[in-house]
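Undergrad: According to the numbering used here, numbering within the sequence shown proceeds without interruption in unit steps and concludes at 824.
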Amino acid sequence: MIRVGGLTIPTMDDIDIRSKKVLLRIDINSPVDENGKIIDDSRIKAHVETIKELIDKDNSVVLMSHQGRPGDKDFISLEEHSKLISKHLNREVIFVDDVIGPYAREIIKNLKNGEILLLDNVRLISEELIEAPPQQHVKTFLVRKLTPFFNIYINDAFATAHRSQPSIVGFPLVLPSAAGRVMEREVSALARIFNAEDTPKIFVLGGGKVHDTIRIIENLMRTRIADRILTGGLVAELFSVAKGMNLNTKNMEILERMGILSLVPRARKLLLSGAPIEIPVDYKVEINGNVIEEPASKITGVIKDIGPATVEIYSSLIKDAKVVVLRGPMGVIEDERFRDGSKSVLKASLEGWGYVIIGGGHMISALDKDMKIDNNKVHISTGGGALLLFLSGERLPALEALSMSMTNRVMNNAS
410 MIRVGGLTIP TMDDIDIRSK KVLLRIDINS PVDENGKIID DSRIKAHVET
460 IKELIDKDNS VVLMSHQGRP GDKDFISLEE HSKLISKHLN REVIFVDDVI
510 GPYAREIIKN LKNGEILLLD NVRLISEELI EAPPQQHVKT FLVRKLTPFF
560 NIYINDAFAT AHRSQPSIVG FPLVLPSAAG RVMEREVSAL ARIFNAEDTP
610 KIFVLGGGKV HDTIRIIENL MRTRIADRIL TGGLVAELFS VAKGMNLNTK
660 NMEILERMGI LSLVPRARKL LLSGAPIEIP VDYKVEINGN VIEEPASKIT
710 GVIKDIGPAT VEIYSSLIKD AKVVVLRGPM GVIEDERFRD GSKSVLKASL
760 EGWGYVIIGG GHMISALDKD MKIDNNKVHI STGGGALLLF LSGERLPALE
810 ALSMSMTNRV MNNAS
């Protein structure tokens with residue numbers, strides 16, 4: 410079991426999962442091209458470990474997932490997904506172009522131990538698009554039609570943990586439930602953030618999603634989790650302005666155009682309340698196509714990355730941290746000339762002795778092939794929205810539902 414944020418989350422080690430019929434909620438929502446072909450199957454590969462373990466324990470496994478939303482170009486069938494799962498598992502995965510109809514239920518009923526079935530896109534069922542409490546979702550057709558066929562429900566879809574939809578929160582109230590291995594790794598990593606013994610904790614926050622990031626910082630201040638917050642990207646520029654620094658007219662125009670200057674009062678309030686925020690002492694800027702390093706006190710170009718002195722300061726702090734959380738790049742990493750800041754703080758994190766949580770695609774993309782990843786001390790999160798809300802102090806309905814399932818099981822056993 411994993412304890413995080415006042416919740417107790419059961420894992421696959423906490424329930425009997427041998428020779429059962431298992432409903433496994435996964436997240437294989439993948440990017441597709443204009444022809445509807447999957448162009449990145451990393452999310453599919455991530456669930457192979459959980460599926461394989463369930464099959465090795467003589468279970469029959471029914472996979473449930475979504476892909477896109479109705480009306481969007483990526484709202485497609487999961488037939489191609491089934492072929493990719495089959496390829497990575499090296500065994501047949503049956504696909505049914507149905508979710509809760511008689512055809513799907515008949516195949517589920519006759520599924521033999523060791524067999525794997527993938528249901529079609531669960532968002533074909535309109536109930537799956539409704540956000541509601543678990544007690545309400547227990548009454549949905551999706552949950553009522555499928556529950557009688559299963560012994561166990563496993564949720565391995567951390568990237569959907571912030572959704573309160575029937576496939577995520579309905580089944581745990583009516584079936585013995587647990588987190589799959591992907592979910593377990595994510596939650597175990599997040600538990601490090603709350604562990605009072607794992608200190609000092611450093612958060613490296615950058616990128617352009619400033620509205621989201623300031624919510625995270627406000628929560629970090631409320632909970633007093635962060636020992637230090639190192640800023641980069643537009644986040645750093647916001648807090649520099651809040652401290653009264655002159656970033657020149659061009660940069661201020663960019664911040665104004667992006668609606669970031671409206672956040673200055675909130676940023677200033679955080680600084681005045683003692684938020685442990687570090688801002689860059691120098692930057693890499695662009696002037697007429699040329700890259701120049703300038704001190705933060707005298708900026709003449711357009712800011713594109715943190716400078717070498719800032720990298721040195723940040724790296725020194727990171728190497729002594731017990732937990733490092735990285736979300737958002739330090740600069741405009743789409744341009745190779747401005748990737749050094751992000752790559753350097755990543756390198757310092759990986760070379761330090763602390764536990765490292767990397768969240769967000771942009772920061773992950775800054776990883777070089779020659780950077781050594783120790784899986785025992787580095788966690789690369791698969792859940793962008795879920796991770797953001799968790800760090801912002803929001804509830805994650807999927808975790809609450811799993812915890813409720815555990816509580817109900819304990820109470821039933823006691824009676």
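For glycine and all other residues, C-beta sits at the position ideal for the given N, C-alpha and C.
For residue 549, collect the residues of the same chain with a Cβ closer than 7 Å to its Cβ; drop the 5 residues on either side in sequence, then sort them by chain order.
TA: Walking along the sequence shown from the start, residue 549 turns up at place 140. Residues 536, 575, 579 of the same chain have their beta carbon placed closer than 7 Å to that of residue 549, with the five preceding and five following residues left out of the count.
Undergrad: Does residue 761 come out as helix, strand or coil in the three-state DSSP assignment?
TA: As a working note, residue 761 is residue 352 in the sequence shown. Here residue 761 sits in coil by DSSP.
Undergrad: From 715, 430, 674, pick the residue whose C-alpha is nearest to that of residue 704; which is it?
TA: Taking the sequence shown and counting its residues from 1, the one referred to as residue 704 is at position 295. Cα-wise, what sits closest to residue 704 is 715.
Undergrad: Assuming residue 648 is part of the alpha helix (DSSP H), what are its boundary residues?
TA: Within the sequence shown, residue 648 is the residue found at index 239, counting from 1. It spans 642-651 - the alpha helix (DSSP H) in which residue 648 sits, taken as one unbroken run.
Undergrad: In terms of alpha-carbon separation, which member of 768, 561, 799, 694 lies closest to residue 744?
TA: The sequence position of residue 744 within the sequence shown is 335, counting from 1. Nearest C-alpha to residue 744: 694.
Undergrad: Determine the extent of the alpha helix (DSSP H) in which residue 623 is found, giving its start and end residues.
TA: Here residue 623 corresponds to residue number 214 of the sequence shown, with the count starting at 1. First-last of the alpha helix (DSSP H) with residue 623: 619-632.
Undergrad: Does DSSP classify residue 430 as helix, strand or coil?
TA: Taking the sequence shown and counting its residues from 1, the one referred to as residue 430 is at position 21. Residue state, collapsed to three classes: strand.
Undergrad: In this structure, does DSSP put residue 590 in helix, strand or coil?
TA: Locating residue 590 in the sequence shown gives position 181, where the first residue counts as 1. Per DSSP, reduced to three states, the secondary structure at residue 590 is helical.
Undergrad: In terms of alpha-carbon separation, which member of 610, 426, 472 lies closest to residue 732?
TA: Counting from one through the sequence shown, the residue named residue 732 turns up at place 323. Residue 732 has its Cα closest to that of 610, out of 610, 426, 472.
Undergrad: Residue 644 and residue 619: beta carbons closer than 7 Å?
TA: As a working note, residue 644 is residue 235 in the sequence shown. As a working note, residue 619 is residue 210 in the sequence shown. Yes, Cβ-Cβ distance for residue 644 and residue 619 is below 7 Å.
Undergrad: According to the Cβ coordinates, are residue 476 and residue 438 closer than 7 Å?
TA: Counting from one through the sequence shown, the residue named residue 476 turns up at place 67. Counting from one through the sequence shown, the residue named residue 438 turns up at place 29. Yes, these two residues count as a Cβ contact at 7 Å.
Undergrad: So, is residue 816 buried or exposed, given that buried needs 16 or more other C-beta atoms within 10 angstroms?
TA: Taking the sequence shown and counting its residues from 1, one reaches residue 816 at position 407. It counts as exposed.
Undergrad: What residues in its chain sit with their C-beta under 7 Å from that of residue 640, if we drop five residues either side in the sequence?
TA: As a working mapping, residue 640 is identified with position 231 in the sequence shown. Around residue 640: 614, 615, 648, 686, 687, 688.
Undergrad: What's the gap between the Cα of residue 786 and the Cα of residue 604?
TA: Taking the first residue of the sequence shown as position 1, residue 786 is located at position 377. Taking the first residue of the sequence shown as position 1, residue 604 is located at position 195. If I take the Cα positions, the gap works out to 15 Å.
Undergrad: At what residue ranges does the region 506-578 contain a whole run of the beta strand (DSSP E), taking only runs of 3 or more?
TA: 525-528, 561-564
Undergrad: In terms of residues, what are the limits of the beta strand (DSSP E) holding residue 490?
TA: Against the sequence shown, residue 490 aligns to sequence position 81. It is not in any beta strand (DSSP E) - residue 490 instead sits in the alpha helix (DSSP H) that spans 488-498.
Undergrad: What does DSSP give as the partner residues of residue 868 in its beta bridges?
TA: The structure shown does not extend to residue 868, since the chain is modelled only from 410 to 824, so the question has no answer here.
Undergrad: Is residue 418 closer than 7 Å to residue 375 when the C-beta atoms are compared?
TA: This structure cannot speak to residue 375, because the chain is shown only from 410 to 824.
Undergrad: Let me make sure I understand the geometry here. Which of 413, 514, 739 has the alpha-carbon closest to that of residue 905?
TA: One cannot answer for residue 905 here, as it falls past the ends of the chain, which runs 410 to 824.
Undergrad: Going by C-alpha to C-alpha distance, which of 801, 764, 797 sits closest to residue 783?
TA: The count along the sequence shown starts at 1 and reaches residue 783 at position 374. Out of 801, 764, 797, 764 has the C-alpha closest to the C-alpha of residue 783.
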